[in-house]
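Visitor: Provided herewith is a single structure, encoded as structure tokens, for subsequent inquiry.
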Amino acid sequence: MAAVLSPEKLSETHRRTLDQALEAIRTRGYWSPHPEHPKAYGEGGLPGSLGAAEGKAAFDAVLHTRLDLGQPGTDGWTGGEVSPYGPELGVEYPHAELDVLLPAMSAGMGAWRSAGPETRALVCLEILARISARTHELAHAVMHTSGQAFVMAFQAGGPHAQDRGMEAVAYAYEEQVRTPGAVDWSKPQGKRDPLQLHKSYTAAGRGISLLIGCNTFPTWNGYPGLFASLATGNPVLVKPHPRAVLPLALTVRLAREVLSEAGFDPNLVALAAERPGEGIAKTLAVRPEIRIIDYTGSTAFGDWLEANARQAQVYTEKAGVNTVVVDSTDDYRGMLSNLAFSLSLYSGQMCTTPQNLLIPRGGITTEAGTKSYEDVVADIAEAVNALLGDDARANGLLGALVNPDVKARLEAAADLGDVALASRAVANPDFADAVVRTPVIVKLDGTKPDDGAAYLSECFGPVSFAVAVDTTSDALDLLRRTIREKGAMTVGAYTTSAEVEQALETVCFDESAQLSLNLTGGVFVNQTAAFSDFHGSGGNPAANAALCDGAFVSNRFRVVEVRRQA
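First residue of the sequence shown? That's 337 in my numbering, and the numbers climb one at a time after it.
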């Protein structure tokens with residue numbers, strides 16, 4: 337049977353979008369084909385998309401059902417997700433017999449390789465279009481597995497995640513077509529006939545790619561690796577976090593649907609859900625069939641993967657200690673407001689959330705005069721209180737704590753030093769069982785080794801440390817040490833001094849950390865824009881890869897040359 341989605345139809349539908357994505361990664365300006373506003377979907381919006389009510393109904397319809405993906409090797413069913421907001425999801429997923437599923441996934445590689453970079457890219461864009469059309473449904477799935485508030489789940493789990501996936505496709509395509517498909521080669525031999533060969537060059541995937549998903553951002557952190565591997569010719573086995581299966585399972589279902597309609601083996605994308613306590617990530621990671629691994633999560637397991645999955649190309653995003661240096665500002669209120677939002681968003685459960693605020697003991701200069709260390713810390717605390725004083729607004733910004741470990745860290749943080757801002761519980765009127773907490777800010781001394789043990793460790797969640805340092809120079813030294821030893825996904829700073837700004841840049845250049853300077857408006861240190869901002873650098877201990885650059889995709893395939901006598 338002929339493919340429903342022919343290469344010609346795919347090109348007609350998506351080639352212009354691919355060209356726009358390629359232009360966006362070259363120019364680094366703002367561009368997104370995925371609308372951020374919920375009203376852009378449904379009737380009168382994105383064609384074929386689900387509106388708010390339809391998306392909620394689709395999400396409700398999948399709850400307490402068995403999600404059969406039609407995968408080979410299914411030997412049972414598993415589930416058990418409980419929303420951070422309280423309800424049990426009740427969805428069952430196929431459990432795979434790996435010795436059956438993995439060979440089935442490899443079987444489709446030949447045809448997928450032969451399709452070439454352009455067709456693979458266009459199929460990936462069709463998958464992303466199907467995902468985009470169901471953004472409302474996926475937003476509820478992200479919300480009820482990650483604890484994000486709905487608006488954040490919609491935007492970060494929807495259009496922003498889709499942008500990152502498309503960005504990976506664009507980089508993958510560009511890297512693959514850098515080498516021509518074929519050439520006629522001729523070498524002059526003087527009076528003799530020239531040497532002549534016909535040479536072809538094929539981008540060949542490495543093998544099965546394993547995506548190990550995370551709990552907090554299952555789609556945002558999952559889509560880059562998924563689409564980078566698929567677009568470069570590799571089957572992708574998606575192993576979600578046990579508490580956040582549904583968003584990636586729905587994604588796998590859509591991907592298999594599109595692959596089948598395009599005439600390819602749907603087993604090029606499959607799901608590996610695990611039984612409680614099974615821990616199949618370690619088992620999968622060292623299997624010889626697994627040649628690429630994408631992982632977001634703890635440093636301990638990321639380090640284990642890098643050390644033990646020797647047969648695979650491993651891309652990790654682990655933990656880091658993000659730092660903000662506060663030296664001086666000419667917009668004190670703007671700085672306070674920006675920091676308050678950055679510390680509060682999604683209860684600090686982002687790999688980019690600032691943890692350490694390095695503030696000179698003698699205070700900082702502002703347009704309103706000198707502010708002491710105590711003033712700055714008290715004013716940041718007051719700005720957070722003002723931001724989160726209304727419970728409805730607090731629920732919309734904080735979401736819910738994703739798991740009990742975050743709550744335990746939050747409660748333990750209050751014993752580490754003087755509490756400048758105490759955390760409080762916020763009731764969620766729609767979900768009585770949701771655990772919602774405002775941030776805690778603890779004052780620590782940058783000269784005390786005991787305090788250093790606290791601020792030089794990642795405390796994931798709504799916990800920040802206001803670290804008193806003797807001078808800005810000391811802050812820069814501590815910043816350098818923190819990045820070098822612990823890593824950082826983000827660095828922020830406030831200064832009106834050209835010399836300090838240059839010194840900050842030098843530290844971040846030397847230690848490969850992404851720097852944001854003097855943010856006082858609607859852009860925050862813990863947010864990045866696809867096609868323009870790099871998420872992580874791959875150059876410090878927090879992550880060995882950046883989302884997204886050429887290095888993130890180029891080693892997922894190798895160019896294989898065939899020479900023929902002309």
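For each residue, glycine too, the CB sits at the ideal point set by N, CA and C.
#1: In its own chain, which residues sit with a C-beta less than 6 Å from the C-beta of Ala506, not counting the 5 before and 5 after it?
#2: Give the straight-line distance between the Cα atoms of Ala443 and Gln863, rounded to the nearest whole angstrom.
#3: Under a Cβ-count criterion, where at least 16 other Cβ atoms within 10 Å of its own Cβ denotes burial, should Tyr830 be classed as buried or exposed?
#4: Mapping DSSP to helix, strand and coil, what is Arg773?
#5: Helix, strand or coil for Ser395, going by three-state DSSP, please let me know.
#6: Span of the beta strand (DSSP E) holding Asp885?
#7: Three-state secondary structure (DSSP) at Lys654?
#8: If I follow the unbroken beta strand (DSSP E) through Val418, where does it start and stop?
#9: By alpha-carbon positions, which one of Ile716, Gly725, Val803 and Arg773 ends up nearest to Arg745?
#10: Considering Pro524, what are the terminal residues of the beta strand (DSSP E) in which it resides?
#11: Keeping to the same chain, check which residues put their C-beta closer than 8 Å to that of Ala887; ignore five residues upstream and five downstream.
#12: Given Val433, which residues of its chain have a CB within under 8 Å of its CB, disregarding the five upstream and five downstream residues?
#13: Anyone know if the C-beta pair for Ser545 and Val572 falls short of 7 Å?
#14: What separation, rounded to the nearest whole angstrom, lies between the Cα atoms of His350 and Pro369?
#15: Are the beta-carbon atoms belonging to Ala645 and Ala617 less than 7 Å from one another?
#16: Taking Cβ positions only, does His480 come closer than 7 Å to chain B?
#17: Could you spell out where the beta strand (DSSP E) holding Gly705 opens and where it closes?
#18: Please classify His472 as buried or exposed, where buried requires at least 16 neighbouring CB atoms within 10 angstroms.
#19: Closer than 6 Å by C-beta to Arg364: which residues in its own chain qualify, once you throw out the five before and the five after it? Chain order, please.
#20: Which residue marks the beginning of the alpha helix (DSSP H) containing Ser442, and which one marks its end?
#21: Beta carbon of Ala504, beta carbon of Pro560: below 7 Å?
#22: Any idea what DSSP makes of Asp726, helix, strand or coil?
#23: Please classify Tyr366: does DSSP put it in a helix, a strand, or coil?
#24: Do you know whose CA, among Asn876, Ser450 and Ala676, lies nearest Ala567's CA?
#25: Buried or exposed, going by whether 16 or more other CB atoms sit within 10 Å of the CB of Leu464?
#26: In three-state terms, what does DSSP make of Gln647?
#27: Where does Arg449 fall in DSSP's three states?
#28: Can you give me the Cβ contacts of Pro530 inside the same chain, cut-off strictly under 7 Å, excluding the 5 residues immediately before and after it?
#29: According to the Cβ coordinates, are Glu283 and Thr632 closer than 7 Å?
#30: Using the three-state DSSP reduction, which class does Val622 fall into: helix, strand or coil?
#31: Express the C-alpha separation of Leu792 and Pro785 in angstroms, rounding to a whole number.
#32: Distance, Cα to Cα, Pro612 vs Arg894?
#33: Going by other Cβ atoms of all chains shown within 10 Å of its Cβ, with 16 needed for buried, is Thr807 buried or exposed?
#34: Please classify Val898: is it buried, with 16 or more other beta-carbons within 10 angstroms of its beta-carbon, or exposed?
Guide: Taking the structure as given:
#1: Within the same chain, Cβ atoms closer than 6 Å to the Cβ of Ala506 are found at Ala357, Leu358 and Ile361, the five residues on either side in sequence being excluded.
#2: About 40 Å.
#3: Under this definition Tyr830 is a buried residue.
#4: The three-state secondary structure of Arg773, taken from DSSP, is strand.
#5: Residue 395 is actually Phe in this sequence, not Ser. DSSP places Phe395 within a helical segment (H, G or I) once states are collapsed to three.
#6: From DSSP, Asp885 is part of no beta strand (DSSP E); its letter is neither H nor E.
#7: Coil, per DSSP.
#8: Val418 -> no beta strand (DSSP E), and no H or E assigned at all.
#9: Of the listed residues, the one whose Cα sits closest to Arg745 is Arg773.
#10: Pro524 -> beta strand (DSSP E) spans Ala518 to Gln525.
#11: Around Ala887, the same chain offers Gly874 and Ala881 as residues with beta carbons nearer than 8 Å, after the five sequence neighbours per side are excluded.
#12: With the sequence shown as reference, residue 433 is identified as Glu, and Val is not the correct amino acid for it. For Glu433, where only same-chain residues beyond five positions count, the Cβ hits under 8 Å are Gly409, Thr410 and Asp411.
#13: Yes. Within cutoff.
#14: Taking the straight line joining both Cα atoms gives about 11 Å.
#15: Not in contact: Ala645 and Ala617 (Cβ atoms no closer than 7 Å).
#16: Absence of chain B from the displayed structure is noted, only one protein chain being present.
#17: Segment Gly705 to Lys707, the beta strand (DSSP E) holding Gly705.
#18: Result: buried.
#19: Contacts found: Ser868.
#20: For Ser442, the uninterrupted alpha helix (DSSP H) run begins and ends at Leu434 to Ala443, by DSSP.
#21: Yes; because the gap between Cβ atoms is below 7 Å, this pair is in contact.
#22: Coil.
#23: Of the three classes helix, strand and coil, the one that applies to Tyr366 here is coil, per DSSP.
#24: Checking every option, the nearest Cα to that of Ala567 belongs to Ser450.
#25: By the 10 Å Cβ count, Leu464 comes out buried.
#26: Coil at Gln647, not helix or strand.
#27: Secondary structure of Arg449 (DSSP, three-state): helix.
#28: If we look at Pro530 and ignore the five residues flanking it on each side, its Cβ neighbours are Ser522, Lys523 and Pro524.
#29: This structure cannot speak to residue 283, because the chain is shown only from 337 to 902.
#30: In the structure shown, Val622 sits in coil (DSSP, three-state: anything other than H, G, I, E or B).
#31: Rounded to the nearest angstrom, the two C-alpha atoms are 10 Å apart.
#32: Inter-residue distance for Pro612 and Arg894 is about 37 Å (C-alpha atoms, whole angstroms).
#33: With fewer than 16 Cβ atoms within 10 Å of its Cβ, Thr807 is classed as exposed.
#34: So Val898 ends up on the exposed side.
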